[in-house]
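Okay, structure coming up:
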């Protein structure tokens, strides 16, 4: 190697670019460190158990969300944008299957003006809807907004905007006391920053919803072992919602009712039956 080549190789800017290469080894302290990955592995290690779906849950066809703003640009370019608070996978390593419910009043007190505007006029802004539920999982806040015609979600990492997406929904639906209406479910990001979120409405007797992500037949072998066996969703004010790192092509729900009974492993969408 010539002296010129050696100088070029040691250029600080190029070193920074090499760190963004997915093939480059993980940086110390990132979410891919052995300690962080061991923690995430413990979260996901509960084995998946299949069970026959029973009960009745109202469903509708799944709808893909639109990625907007910086998150969409990152996916289109095949890159993960590194925000100032650290890499997405580092924050995702703090994820927990059981959330801490965050009352909307406390959310507004903590964050003030909602920092979820994607900076684009395309589609319904997260700001246009009422915040119907919010939760915290590790360092990440997940909140859902709703209007009569749309629902949206936003992820905040340590109070800073990370990503948002939305989808149009059919007008108001009157649910039976024990019914669950899954409105939207979709994934965003890629690689270590990939995640999936799901949300919808619940009847007045529904007090809890557990989501079971399932690998689809087209997914790579072994994906099911990387998915959480169960994600406890947040239920509040007639809505439910939750998210988890990684993918999942299909979803089942376990519905908990006010009388203590449970409807086990119901497909979230009609096309999964």
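Numbering (UniProt numbering), first residue to last: 1 to 273.
C-beta atoms are modelled at their ideal positions from N, C-alpha and C, and glycine is treated no differently.
Quick caveat, the model's predicted, so the values are computed rather than measured.
For residue 130, does the count of other Cβ atoms within 10 angstroms reach 16, so buried, or fall short, so exposed? Numbered from its first residue, the chain shown carries residue 130 at position 130. Residue burial is scored here from C-beta neighbours: residue 130 has fewer than 16 other C-beta atoms within 10 angstroms and is therefore classed as exposed.
Let me know the secondary structure DSSP gives residue 242 once reduced to three states. Locating residue 242 in the chain shown gives position 242, counting from the first residue. If DSSP states are grouped into helix, strand and coil, residue 242 belongs with the strands.
Could you tell me the boundaries of the beta strand (DSSP E) in which residue 267 lies? In the chain shown, residue 267 corresponds to position 267, counting from 1. Unbroken beta strand (DSSP E) run through residue 267: 262-267.
Buried versus exposed, by CB contacts within 10 Å (16 or more), residue 259: Position 259 of the chain shown, counted from the start, is the residue given in the question as residue 259. Within 10 angstroms of the beta-carbon of residue 259 lie fewer than 16 other beta-carbons, which makes it exposed.
Taking residue 237 as the reference, which of 205, 140, 247 has the closest Cα? For this step, residue 237 is matched to residue 237 along the chain shown. Comparing Cα positions, the closest option is 205.
Nearest CA to the CA of residue 261: which residue from 146, 248, 208? Taking the chain shown and counting its residues from 1, the one referred to as residue 261 is at position 261. Checking every option, the nearest Cα to that of residue 261 belongs to 208.
Is the beta carbon of residue 147 sitting closer than 8 Å to the one on residue 154? Walking along the chain shown from the start, residue 147 turns up at place 147. Walking along the chain shown from the start, residue 154 turns up at place 154. Not in contact: residue 147 and residue 154 (Cβ atoms no closer than 8 Å).
Thinking just about the alpha-carbon of each residue, which of 142, 264, 102 is nearest to the one in residue 211? Working through the chain shown from its first residue, we reach residue 211 at position 211. The residue with the shortest Cα to Cα distance from residue 211 is 264.
So residue 256 is in the beta strand (DSSP E); what residue range does that whole segment cover? To locate residue 256, count along the chain shown from 1; it is residue 256. Per DSSP, the continuous beta strand (DSSP E) segment holding residue 256 begins and ends at 250-257.
Considering just the uninterrupted stretch of the beta strand (DSSP E) at residue 133, what are its terminal residues? Translated into the one-based positions of the chain shown, residue 133 becomes position 133. Its beta strand (DSSP E) spans residues 130-137.
Option in 142, 158, 202, 192 with minimal Cα separation from residue 177: Counting from one through the chain shown, the residue named residue 177 turns up at place 177. Per the Cα distances, 202.
Within 10 Å of its beta-carbon, does residue 103 have 16 or more other beta-carbons around it, so buried, or fewer, so exposed? Within the chain shown, residue 103 is the residue found at index 103, counting from 1. Exposure of residue 103 is indicated by the presence of fewer than 16 other C-beta atoms within 10 angstroms of its C-beta.
Would you kindly check if the distance between the Cβ of residue 91 and the Cβ of residue 144 is under 8 Å? As a position in the chain shown, residue 144 is number 144, starting the count at 1. As a position in the chain shown, residue 91 is number 91, starting the count at 1. Between residue 144 and residue 91, the C-beta gap is not smaller than 8 Å, which leaves the two residues out of contact.
Nearest to residue 256 by alpha carbon, out of 186, 213, 226, 179? Counting from one through the chain shown, the residue named residue 256 turns up at place 256. Each of 186, 213, 226, 179 was checked against the Cα of residue 256, and the nearest Cα belongs to 179.
By Cβ distance below 6 Å, which residues in the same chain neighbour residue 101 in space, the five residues on each side in sequence not counted? Residue mapping note: residue 101 aligns to position 101 of the chain shown, counting from 1. Counting only Cβ-Cβ distances below 6 Å, and skipping sequence neighbours, we find 135, 234.
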